[in-house]
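Per my numbering, the very first residue in the sequence shown carries number 1; after that it's consecutive.
Each residue gets a CB set at the ideal place from its N, CA and C atoms; glycine is no exception.
Right, one structure below, let's go through it.
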Amino acid sequence: MEILTGHQYVANKYPDDKYSIYPNMYFLGNVDFSDTAKVIASKDVEAVAEKANHCKEVDGKFYNANSCNTDYYLAGNRSRAYAGFKLMEPDSKVG
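In structure tokens:
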């Protein structure tokens, strides 16, 4: 689940063998809002990004991470993501 700016949120149902690390930045890509079996989202996610003039698409579809993140990841956020992945999977090839 990602809690976004403007009191918005998006959650994807993951398989049991998957996880995410979200250290003050967003990673969810294209979101299929019509797939209510796998996605829960606030109704204005796209509208808030559009109003902020920051709505981004990939393959013609709303792309959550690019629309809601700043245009760059801060070093501290990257460091926390790395630490989280290494905590969950010490042998991961994240670098």
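- Going by DSSP, N66 is part of no beta strand (DSSP E) but of the alpha helix (DSSP H) stretching over N64 to C68.
- In this structure, V39 keeps its C-beta atom at 8 Å or more from the C-beta atom of N64.
- In the DSSP annotation of this structure, the continuous segment of the alpha helix (DSSP H) that includes E50 starts and ends at V45 to K51.
- Classified as exposed, Y9 has fewer than 16 neighbouring CB atoms from the shown chains inside 10 Å of its CB.
- In this structure the region 77 to 86 touches the region 21 to 36; the number of beta carbon pairs closer than 8 Å is three or more.
- Burial of L28 is indicated by the presence of at least 16 other C-beta atoms within 10 angstroms of its C-beta.
- Residue nearest to K43 within the set H7, C55 and K61 is H7 (criterion: CA-CA distance).
- V48 is the residue among A83, P15 and V48 whose C-alpha sits nearest the C-alpha of I3.
- Around the beta carbon of S92, fewer than 16 other beta carbons sit within 10 angstroms, so the residue counts as exposed.
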